Amino acid sequence: MEYLSTKGNFRHDENVVPEYRWFDGDVRYTLRTDPLDDSQQPIEINSLKGSHEDPDSRIWPFKIMQGKQPYDPINKHLLVNHVYSADDDTALWTNFDWAKALKAGTEYADQPYSGEFNFVETRMHWPITHMVAPSEDALACSECHSRNGRLAALSDFYLPARDRSIWLDRLGWSAALLVLAGSLTHAGGRIVTRRRRKRS
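Taken in order, the sequence shown gives residues 1 to 200; the numbers are from our numbering.
Have a look at this one:
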């Protein structure tokens with residue numbers, strides 16, 4: 001864990017497994033004018049659209065940014081924050097005074113502000129579109145096709161080796177046994193006819 005005075009606590013890590021979501025390319029953002037339900041936390045800063053039923057959706061990897069942001073508990077919306085300036089004493093990153101920074105930020109943005117603030121937990125999805133591993137480090141099939149694989153959270157479709165259906169398993173094994181029986185019968189028939197030819 002590392003602390004940065006301007007942003008708070010950070011946890012650094014390597015080779016972090018991303019989270020996977022259905023995504024059709026459409027994102028809905030929470031705007032500063034949108035009313036918040038602060039009883040439902042974390043607040044989704046951006047909501048992804050897409051589902052298994054949507055033919056335009058694909059499974060995408062995302063980095064999930066979790067944090068806390070100031071909001072107005074009376075007006076129920078996120079607040080604009082004045083972050084940096086070298087010329088005044090209201091910037092958060094130079095004076096670390098939330099009350100001053102929020103008053104200056106909301107006035108500049110002409111945002112309604114009750115004068116009261118609190119912090120709400122937030123979550124934001126960042127699509128991973130760069131820093132992709134080279135082809136020789138590509139994922140193996142078992143990374144997803146397994147009980148606790150990368151796609152464990154996407155439970156709205158059947159994934160071989162992750163999900164189990166007794167009847168589907170029985171059907172698959174029956175088909176495999178029939179193929180095996182047919183192959184053995186065919187091979188046996190060839191051996192018998194070949195021996196008969198040699199005798200004659």
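Glycine residues also receive a C-beta, built at the ideal position from the N, C-alpha and C atoms. Note that the coordinates shown come from a computational prediction; the quantities given were computed from them, not determined experimentally.
- For W22, DSSP records a beta bridge to I59.
- Sequence-distant partners of V80 (beyond 5 residues in either direction) whose C-beta falls short of 8 Å from its own C-beta, in its chain, are R32, L102, G105, T106, Y108, A109, Q111.
- Using a Cβ-Cβ distance cut-off of 8 Å, the region 125-135 and the region 146-160 are not in contact, since fewer than three pairs of beta carbons, one from each stretch, lie closer than that value.
- For H130, the secondary structure class from DSSP, reduced to helix, strand or coil, is coil.
- Taking C-beta separations shorter than 7 Å and ignoring five residues to either side along the sequence, the partners of M124 in its chain run I45, N46, M65, following chain order.
- Nearest to C144 by C-alpha distance, out of G182, Y158, S135, is Y158.
- In the displayed model, S174 falls within a helix according to three-state DSSP.
- Going by C-alpha positions, T122 is about 11 Å away from L36.
- Between D24 and D72 a beta carbon distance of about 33 Å is seen, past the 8 Å cut, so the two are scored as non-contacting.
- Rounded to the nearest whole angstrom, the CA to CA distance from I59 to T185 is 43 Å.
- Bridge partners of H125 according to DSSP: I64.
- In the three-state reduction of the DSSP assignment, H145 falls in the coil class, being assigned neither a helical nor a strand state.
- Per the coordinates, the alpha-carbon of N118 lies some 32 Å from the alpha-carbon of A153.
- Excluding residues up to 5 positions away in sequence, N9, F10 lie with their Cβ nearer than 8 Å to the Cβ of Y3 in the same chain.
- Assigned with DSSP and collapsed to three states, L184 falls in helix.
- The beta carbons of D156 and H52 sit closer together than 9 Å.
- Excluding its 5 nearest sequence neighbours in each direction, W126 has C-beta neighbours in its own chain below 7 Å: F62, K63, M65, listed in chain order.
- Non-local C-beta neighbours of L139 in its own chain, meaning closer than 8 Å and more than five positions away in sequence, comprise R150, ordered along the chain.
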